[in-house]
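Please read the structure below before turning to the comments.
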Amino acid sequence: MTRIATATALVALAALACSGLAGCAGSPEHPPTMPTVRDAIYDTSGPGHSRSVDKGSVGVALAGGGTKAAAYGMGVLAAISDANMYGEIDAISTVSGGGYAAFFLYSKVLLREDAREADKPQIRDFFADCIPHVYASVLPATAANRLCAPPSSMDAKMERFRFQQFVRCRQDVLENDCSHRAEGDDHGEYVNTGALVAASALTFVPNFVARTLFDWPVNLSPTRHAYMQGIGTTYGLYPRTARAAEPSADLSDRCDDAHFLNCDMRSGSARLNPRGLEFGDLKAHLKKPGAEPMPTWLINATASRSRSIFGWAREGRRDFGKYTLQMSPYLARSGLYGRIDRYAEYLDLLGATTAAAAFLDSNQTGIAQPWRMGLALAQHAFAFDWGVDIPNPNVGNGWRALHVALPLWPWPWTKPGSIPNLPFPTYFADGGLRQLGESAESGRRPDGRRNSAYIRLLDGGNNDDLGAYSLLEAGIRHVVIADHAQDGKGQMGDLCLLHNEVRLRMATKHLVVPGRESFAEFCAKDVAESECGDRACAREALGLPAEVAADPDAEAMKRGYPIKAWSHPVLLACVRDLRQPSNPDQPCQGEVDAWIYVVKPALDLHSFIEKYIDGHLVLEKARAVHFADKGETDLAGACDKANGSLCEVAAYVAALPFGKDEMSRRGPFPQHTTVGMTFASDGMTYGAYRELARWQAGVALRWIGKDRQALAAEAARQGAAPIPLVPLSR
């Protein structure tokens with residue numbers, strides 16, 4: 080018998096055996112249901128605080144972008160605390176790095192009851208901070224009382240800043256240290272990365288057995304475990320004292336009850352103790368009668384439609400309504416797979432945050448071919464897979480037992496001199512059998528929900544990197560979007576994808592962004608990333624002119640919005656019904672479905688420097704110049720109470736060397752790369768992004784309280800002076 084015949088017989092015998100298993104031939108774990116995103120946010124069962132969608136409903140979306148997103152997202156959460164608005168916000172929707180910041184917030188809220196401190200910290204205490212002592216030489220004397228003590232002497236006055244000080248010193252999540260040095264002075268990430276690469280090489284054989292010879296739902300990646308450990312210790316540890324943030328080459332030196340509430344030593348390394356940080360713990364807290372009202376946390380991961388080489392060979396496509404898996408304390412669901420009841424058995428809050436931030440995985444779809452296929456093969460072979468598999472509730476347990484039992488066939492070794500047949504992964508035959516059965520039963524093409532015995536969860540940015548679509552789908556009326564993913568060229572890819580997906584998936588709805596020149600036409604450059612992304616579909620569904628839809632990439636990729644000449648600190652947008660009449664000069668006038676407030680790491684850097692900085696010094700009083708955020712002269716200095724968080728931003732801009740001209744200094748700020756900051760960041764860069772977001776989000780939150788006419792007038796004002804599209808600099 081030939082090997083192909085043997086493999087065929089093997090699959091046939093397995094299918095025959097499976098037909099005798101109740102779980103194989105019978106029903107899946109539960110009949111598939113389709114709860115909505117609204118069900119994931121608003122839980123009305125049992126006692127406790129509950130909400131409902133109304134004209135005042137508010138949601139906050141913290142986008143992906145690794146450590147940079149976490150820093151900026153932390154500033155947004157701090158602004159909410161400054162405005163005392165946590166009780167007014169319905170949901171915080173996070174993706175990837177934005178989830179780091181949310182994990183910080185919710186872990187502290189859940190654990191503070193166990194801390195048994197004399198003065199229980201309030202939410203505002205989690206965001207309290209001082210300005211690094213290294214800025215003493217650039218700040219005016221009036222700001223001296225805002226400076227931190229030197230890192231080596233965390234005295235009593237630093238106790239109230241311990242939460243943020245510890246996050247500052249843990250900015251390199253792939254290391255296990257606590258460092259207050261600047262990025263250029265700290266090279267520990269290279270040593271640590273080398274050790275992780277070596278560890279990955281040692282797992283080649285067991286990874287080959289588990290993930291290639293068979294397809295078992297295990298993750299043996301050393302880099303993933305280091306990544307999750309880094310997120311956990313940086314954002315989840317609860318420091319009891321400011322001494323927890325003193326410089327240290329290894330957290331293991333202070334992983335004890337004197338320094339942390341929840342630090343465990345495992346295998347010689349400091350780890351987060353996950354006790355008290357389960358979805359059930361968060362649900363109990365949110366539903367606790369009399370508890371301080373808190374928003375529902377919605378974690379957005381991509382539920383991959385494929386987890387095999389057959390998917391790697393195809394182009395990745397997005398469908399915000401189908402391929403995003405939303406996880407909340409109340410339920411998990413996706414448009415493709417329906418309700419997933421047992422998600423909390425496989426994921427706690429840290430595990431879900433890590434899965435939604437798994438930006439290295441062979442199943443990632445945000446990369447074009449042929450790079451996607453080549454990168455997927457390399458990541459799979461060398462255990463650089465950071466995603467996680469959970470059981471597909473649409474598939475019975477018997478099918479899963481069959482799947483994990485079937486091998487790669489023929490075996491990868493042969494007799495000397497023989498010609499090997501190409502190996503066939505028989506473990507994907509079970510999916511083919513289910514598809515055949517589904518087609519025969521329904522007479523229709525399978526919808527894909529039963530293709531795989533397991534669902535692969537990975538970085539939410541492979542589908543919706545903003546996390547805003549989930550809030551719009553839930554019907555929330557005011558949505559603050561922190562668009563902090565990498566965008567040094569101002570191409571606005573994530574917001575463009577949201578614009579396109581709203582138009583494609585929400586029938587008659589349209590996202591209007593008056594403050595950007597030709598935004599709808601510009602976003603045609605990204606339409607091919609969406610399912611239904613061919614040019615004919617774009618012309619029909621997006622209402623594009625024929626000449627634009629025919630070749631939207633021709634000029635758009637050569638232009639962008641100037642990140643360092645950002646004239647609107649908050650971009651006001653709206654979602655409206657195309658069937659309602661609108662005025663082009665006042666596009667958000669009248670009835671709108673939702674108001675959108677976009678904040679982004681972008682700055683009118685020329686005006687900022689001219690107003691607040693003289694050489695390498697932050698001015699005590701601002702110069703009398705026009706400043707775009709207010710549209711009028713404002714003499715409050717960067718460190719005055721009126722501006723607050725701008726003080727550290729100004730110090731950061733002033734402190735580092737000049738480039739060839741004043742505008743080129745600060746290097747990439749305010750748009751460092753995602754990988755660059757995740758791989759090697761520092762406390763000063765963290766603080767600059769956090770405080771920039773704190774200022775911008777503070778403006779956005781104040782706008783939420785305005786009436787409809789005032790918001791429409793602001794949208795019209797931005798539309799009259801939009802941020803222009805400019806040629807990209809080489």
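Positions in the sequence shown are counted from 1; adding 79 to them yields this note's numbering.
Glycine is no exception: its CB is placed at the ideal position from the N, C-alpha and C atoms.
Which partner residues of Arg-412 appear in the DSSP bridge assignment? Gln-405 and Arg-418
Ordered along the chain, which non-local residues of its own chain (more than five positions away) have a Cβ less than 6 Å from that of Gln-668? Asn-662 and Ala-791
Delimiting residues of the alpha helix (DSSP H) encompassing Tyr-691: 684-691
Just to confirm my understanding: we take Arg-322, look at its own chain, exclude 5 residues before and 5 after, and list those with CB closer than 7 Å. What are they? Met-233 and His-338
To which residues does DSSP link Thr-302 through a beta bridge? Per DSSP, none; premise fails for Thr-302.
Does DSSP put Asp-573 in a helix, a strand or coil? helix
Coil, strand or helix - Val-649 by DSSP: coil
For a quick check, are the C-beta atoms of Gly-138 and Ile-783 less than 8 Å apart? no
Got a sec? Which residues, its chain only, sit under 6 Å from Tyr-506 by beta carbon, not counting five neighbours each side? Asp-294, His-482 and Leu-485
Please classify Leu-576: is it buried, with 16 or more other beta-carbons within 10 angstroms of its beta-carbon, or exposed? buried
Quick one: measure Cβ to Cβ for Asp-543 and Phe-399, integer angstroms, because I've assumed they're closer than 8 Å. 5 Å
Could you give the first and the last residue of the continuous beta strand (DSSP E) run that contains Asp-343? 342-345
Relative to the C-alpha of Ile-811, which residue among Tyr-676, Ala-800, Trp-465 and Gly-540 is closest? Here the chain covers residues 80 to 809 and nothing more, so residue 811 does not appear.
From the DSSP secondary-structure annotation, give me the bridge partner or partners of Gln-665. Asn-662
Just checking my contact of Ala-278 with Pro-301 at CB under 8 Å: how many whole Å lie between their CB atoms? 4 Å
Do Ser-186 and Leu-356 count as a contact pair if the criterion is CB distance below 8 Å? yes
What is the rounded straight-line gap between the Cα of Arg-203 and the Cα of Pro-230? 22 Å
According to DSSP, His-459 sits in a beta bridge with which residue or residues? Paired residue(s): none; His-459 is not in a bridge.
Only counting the same chain, and skipping five residues up and downstream in sequence, which positions put a Cβ closer than 7 Å to that of Ala-715? Ala-701, Ala-721 and Asn-722
Helix, strand or coil for Cys-257 per DSSP? strand
For Ser-808, collect the residues of the same chain with a Cβ closer than 6 Å to its Cβ; drop the 5 residues on either side in sequence, then sort them by chain order. none
I'd like to confirm the pairing. Which residues does DSSP put opposite Asp-468 in its beta bridges? Arg-535
What is the rounded straight-line gap between the Cα of Gly-152 and the Cα of Ile-168? 15 Å
Thr-221, buried or exposed, once every other Cβ within 10 Å from all chains shown has been counted against 16: exposed
Per DSSP, the bridge partner or partners of Ser-379: Sequence inspection shows Asn at residue 379; the Ser mentioned does not correspond to that position. According to DSSP, which records beta bridges pairwise, Asn-379 is partnered with Val-174 and Gln-405.
Pick helix, strand or coil for Tyr-676, following the three-state DSSP scheme. strand
Grouping DSSP H, G and I as helix and E and B as strand, with all else coil, what is Trp-488? strand
Can you give me the Cβ contacts of Lys-709 inside the same chain, cut-off strictly under 6 Å, excluding the 5 residues immediately before and after it? Interpretation of Lys-709 is limited by its pLDDT of 48, a score under 50 that renders its predicted location unreliable; the figure taken from the coordinates is listed afterwards. Excluding sequence neighbours, Lys-709 sits near nothing in its chain.
With burial defined as no fewer than 16 other Cβ atoms inside 10 Å of the residue's Cβ, what is the status of Gly-105: buried or exposed? Since pLDDT at Gly-105 reaches only 46, below the 50 mark, its modelled position is unreliable, and the value read off the structure follows with that caveat. When all chains shown are included, Gly-105 counts as exposed.
Tell me where the alpha helix (DSSP H) around Ser-521 begins and ends. 508-521
Report the CB separation of Cys-653 from Ala-794 in whole angstroms; it is logged as a contact under 8 Å. 7 Å
Determine whether the beta carbon atoms of Gly-176 and Gly-144 lie at a separation below 8 Å. yes
Quick check on this structure: which residue in Trp-376, Leu-657 and Pro-489 has the alpha carbon closest to the alpha carbon of Ala-547? Trp-376
Is Pro-372 buried or exposed, if buried means 16 or more other CB atoms sit within 10 Å of its CB? exposed
Short Cβ contact (8 Å threshold) for Ser-646 with Ala-800: yes
Determine whether the beta carbon atoms of Tyr-402 and Ala-411 lie at a separation below 8 Å. no
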